[in-house]
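Only one structure is covered here, and it is reproduced in the block below.
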Amino acid sequence: MESKNKVTVEIYGELYALKGDIKPEKVMHLADLVDKRMKLIAKTNSQLSSLKIAVLAALHIADEYVKLEQDYDQLIEMLKEK
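Using full-length UniProt numbering, the first residue of the sequence shown is number 1, and each one after it goes up by one.
So, in structure tokens, the structure goes:
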């Protein structure tokens with residue numbers, strides 16, 4: 001039987017009780033990244049709702065992910081050419 005790790009994290013003032021296969025330290029690190037991004041967006045856009053701040057944070061993080069994925073793919077192609 002697989003054991004699930006449980007961890008409670010705080011993101012943008014809200015507590016989330018999470019359970020999964022990921023190590024608690026990793027979940028806390030990810031939650032910290034999201035929390036910091038949301039707070040940064042809120043600083044520059046004080047009129048936005050929490051939901052809109054969360055969506056903008058998700059879009060920023062997704063954009064970074066796609067850029068890293070493209071960089072990785074380019075690197076793999078360069079290595080294949082050698």
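The C-beta atom is built at its ideal place from N, Cα and C for all residues, glycine as well.
Its Cα nearest to that of Ala-57, the residue Val-34 stands out among Tyr-72, Val-66, Val-34. When DSSP reads this structure, Ile-11 sits in a beta bridge with Glu-14.
For Ile-22, there is no enclosing alpha helix (DSSP H), as DSSP marks it with neither H nor E. Taking all protein chains in view, the Cβ of Val-66 is surrounded by fewer than 16 other Cβ atoms within 10 Å, so the residue is classified as exposed. Out of Thr-44, Asp-63, Ser-46, Thr-8, the CA that lies nearest to the CA of Leu-18 is found in Thr-8.
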